[in-house]
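Read the structure below first, then the notes.
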Amino acid sequence: MDDTLNGFTGFSRKDDPLRYADADTQAASPVSFSKEALASIAGEDRRWAWVEIDRSAIRHNLHEAKRRLQPNCRLMAVVKADAYGHGAVEVSRTALNSGADALAVATVDEGIALREAGLRAPILLLSEPPQAAIPLLLEYKIMPSVYRAEFALAYGEIADAHHLKAPFHLAVNTGMNRIGVHAEDILEFERQISFHRALEQEGTFTHFATADCPENLDFRIQMKRFTEAIEALRLAGIDPGIVHAANSAALLRYPESHFDMARIGIAMYGFHPCEETRDVVDLKPAMSVYARITDIRNVSVGEGVSYGLNYRSPGSVRICTIPLGYADGFNRLLSGKVNVILDGQYCRQVGNICMDQCMFEVDMRTYGTHPRLNPQLGDIVTVVGNQGDAITTITEMAYLANTIEHEVAIGFAWRLPRLYR
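Quick note on full-length UniProt numbering: the sequence shown kicks off at 1 and runs consecutively.
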């Protein structure tokens with residue numbers, strides 16, 4: 001078989017690339033690179049697609065949130081899921097430097113990553129981990145949420161055995177029905193754990209299920225249950241510690257829910273938690289997504305593009321490929337429904353979005369005030385963000401995919417390199 005195909009000279013049989021995976025069978029490599037040199041190749045130089053995070057937008061959003069807090073109310077920055085895809089370490093640093101008082105995560109490993117990055121602010125784990133993880137909580141000073149007596153007592157026992165205190169926040173279920181001690185059972189729960197000397201209740205919190213909904217009846221019910229639970233603790237001589245309930249929607253809509261601290265999540269990243277907050281506060285999205293054109297081709301009238309060939313060329317277009325697919329968070333449900341931006345003009349994404357790549361069409365006709373585009377290999381395409389007056393948003397993508405901004409933003413996090421500005 002000829003080793004030459006379309007001008008490319010492939011590996012010969014004696015130079016089978018599989019042999020180079022085994023150092024013992026490789027006498028000498030024709031090219032040698034140091035590990036340091038290879039490691040110095042930055043993430044953005046390894047892919048022609050990337051995410052940019054605007055730290056000034058995060059600072060702006062935090063400032064806007066803090067302006068609306070009740071006097072002496074603290075602010076907890078929720079940085080779970082790698083800060084909703086924005087990068088937990090960098091976002092945490094930005095948040096703390098912008099006036100946040102504490103951080104919240106969803107897993108033990110998320111908390112450890114922040115500690116290993118040198119962050120010393122209080123970190124709340126928003127759930128109970130397995131009991132086997134208790135030594136990690138104590139070693140890295142991560143406060144768990146507590147709502148099962150068995151876990152609380154095990155936590156206290158291990159802490160006491162090492163002459164440590166076991167700080168925690170008590171989670172109260174007031175209607176979300178996800179986690180937490182039922183509000184009406186809070187005194188009985190406290191009785192079950194009160195004898196343990198190592199346990200220290202540093203906070204008490206709940207989570208609203210409908211703060212982002214137009215109607216507020218269920219929100220009012222949860223508020224009433226939580227307020228009564230806190231009052232019951234105080235009447236029983238139990239200090240609830242830092243009381244907190246407000247998420248982003250409640251922070252912006254219901255100042256009576258601020259208590260001692262509010263938790264800001266989605267709003268910190270520039271997304272409105274609901275339509276009702278759009279007239280309340282100006283938020284700036286922090287995430288943009290870009291890619292460079294890696295292929296350009298003319299496709300004849302009627303020729304198809306991508307898997308299934310569902311899109312057929314109308315002619316007078318060029319099909320451009322960018323290395324961004326559903327494995328990078330560009331949801332396959334968006335196939336054929338969204339635009340990207342090239343040179344300040346909208347271009348329609350066409351064909352099914354592939355795992356690692358997708359295509360868009362460039363209309364090669366000149367009409368009206370729109371100049372004819374001339375796409376070139378390496379041109380930057382905006383997938384999320386703006387070029388000139390043209391803008392594409394995660395909010396629009398979430399609407400078209402019948403989901404929420406949280407899911408779309410997180411999707412762009414896992415494979416794409418991130419640049420901060």
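Yeah, the Cβ is synthetic: ideal placement off N, Cα and C, and Gly gets one too.
- Please report the residue range of the beta strand (DSSP E) in which GLY203 lies. Counted from its first residue, the sequence shown places residue 203 at position 203. Where GLY203 is concerned, the enclosing beta strand (DSSP E) stretches over 199–205.
- Message: In whole angstroms, give me the CA-to-CA distance for ARG253 and GLU276.
- Response: Walking along the sequence shown from the start, residue 253 turns up at place 253. Walking along the sequence shown from the start, residue 276 turns up at place 276. Cα to Cα, ARG253 sits roughly 8 Å from GLU276.
- Message: Give me, in chain order, the residues of the same chain whose beta-carbon lies closer than 7 Å to that of VAL91; leave out the 5 immediate sequence neighbours on both sides.
- Response: The residue labelled residue 91 in the question sits at position 91 within the sequence shown. Answer for VAL91: ILE58, VAL79 and ALA83, listed in chain order.
- Message: Please return the same chain residues whose Cβ sits closer than 6 Å to the Cβ of ILE158, not counting the five positions on each side in sequence.
- Response: Along the sequence shown, one-based indexing puts residue 158 at 158. Same-chain partners within the cutoff: ILE134.
- Message: Using a Cβ distance threshold of 8 Å, determine whether the region 254–274 contacts the region 43–61, with at least three qualifying pairs required.
- Response: The region 254–274 and the region 43–61 touch, with no fewer than 3 CB-CB distances between them shorter than 8 Å.
- In the structure shown, what three-state DSSP assignment does ASP185 receive? The sequence position of residue 185 within the sequence shown is 185, counting from 1. DSSP places ASP185 in helix when its eight states are reduced to three.
- Query: So, ALA250 versus PHE205, is the Cβ gap smaller than 8 Å?
  - Reply: The sequence position of residue 250 within the sequence shown is 250, counting from 1. The sequence position of residue 205 within the sequence shown is 205, counting from 1. No, the pair does not count as a contact, with Cβ atoms beyond the cut-off.
- How would you label GLY237, buried or exposed, when you count the other beta carbons within 10 angstroms and need 16 or more for buried? For the purposes of this step, residue 237 is taken as residue 237 along the sequence shown, with counting starting at 1. So GLY237 ends up on the exposed side.
- Close beta carbons around LYS284, own chain, < 7 Å, minus the five adjacent residues each side: In the sequence shown, the residue the question calls residue 284 occupies position 284. Close CB contacts of LYS284 within its chain, under the 7 Å cut and outside five residues either way in sequence, are with ALA57, HIS60, ASN61 and GLY270 (chain order).
- Task: Give me the Cβ distance between ILE322 and ARG348, rounded to the nearest whole Å; I'm assuming they're in contact under 8 Å.
- Result: Working through the sequence shown from its first residue, we reach residue 322 at position 322. Working through the sequence shown from its first residue, we reach residue 348 at position 348. Incorrect: roughly 13 Å between the Cβ atoms, too far for contact.
- For the beta strand (DSSP E) that contains THR382, what are its first and last residues? The count along the sequence shown starts at 1 and reaches residue 382 at position 382. THR382 -> beta strand (DSSP E) spans 380–387.
- Query: Alpha carbon to alpha carbon, how far is ALA409 from PHE330?
  - Reply: Mapped onto the sequence shown, residue 409 falls at position 409. Mapped onto the sequence shown, residue 330 falls at position 330. When rounded, the distance between both Cα atoms is 10 Å.
- Task: Tell me whether TYR254 sits in a helix, a strand or coil according to DSSP, three-state version.
- Result: Counting from one through the sequence shown, the residue named residue 254 turns up at place 254. Per DSSP, reduced to three states, the secondary structure at TYR254 is coil, with no helix or strand assignment.
- Task: Answer yes or no: do MET397 and HIS244 have a C-beta to C-beta separation smaller than 8 Å?
- Result: Taking the first residue of the sequence shown as position 1, residue 397 is located at position 397. Taking the first residue of the sequence shown as position 1, residue 244 is located at position 244. Contact flag unset, no.
- Query: What are the boundary residues of the alpha helix (DSSP H) that LEU136 is part of?
  - Reply: Within the sequence shown, numbered from 1, the residue matching residue 136 stands at position 136. In the DSSP assignment, LEU136 falls within the alpha helix (DSSP H) that extends over 134–140.
- Got a sec, what are the start and stop residues for the beta strand (DSSP E) GLN349 sits in? In the sequence shown, residue 349 corresponds to position 349, counting from 1. Under the DSSP assignment, GLN349 falls in the beta strand (DSSP E) whose first and last residues are 345–350.
- Query: Looking at the structure shown, is ILE238 part of a helix, part of a strand, or coil, going by DSSP?
  - Reply: Here residue 238 refers to the residue found at position 238 when the sequence shown is read from its first residue. Reduced to three states, the DSSP call for ILE238 is coil.
- Touch test, the region 219–235 against the region 40–47, Cβ-Cβ under 8 Å, three pairs minimum: Under the 8 Å Cβ criterion, the region 219–235 does not count as touching the region 40–47, having fewer than three qualifying pairs.
- Would you mind working out which of SER32, ALA37 and TRP50 sits nearest ARG418, comparing C-alpha positions? As a working mapping, residue 418 is identified with position 418 in the sequence shown. Checking every option, the nearest Cα to that of ARG418 belongs to TRP50.
- Give me whichever residues DSSP pairs with LEU124 in a beta bridge. The sequence position of residue 124 within the sequence shown is 124, counting from 1. According to DSSP, which records beta bridges pairwise, LEU124 is partnered with ALA104 and MET143.
- Query: Under the three-state reduction of DSSP, which class applies to GLY270: helix, strand or coil?
  - Reply: As a position in the sequence shown, residue 270 is number 270, starting the count at 1. Here GLY270 sits in coil by DSSP.
- Contact check, residue 425 vs GLY344, beta carbons under 8 Å: Look at the range of the chain in this structure, 1 to 421, and you will see that residue 425 is not part of it.
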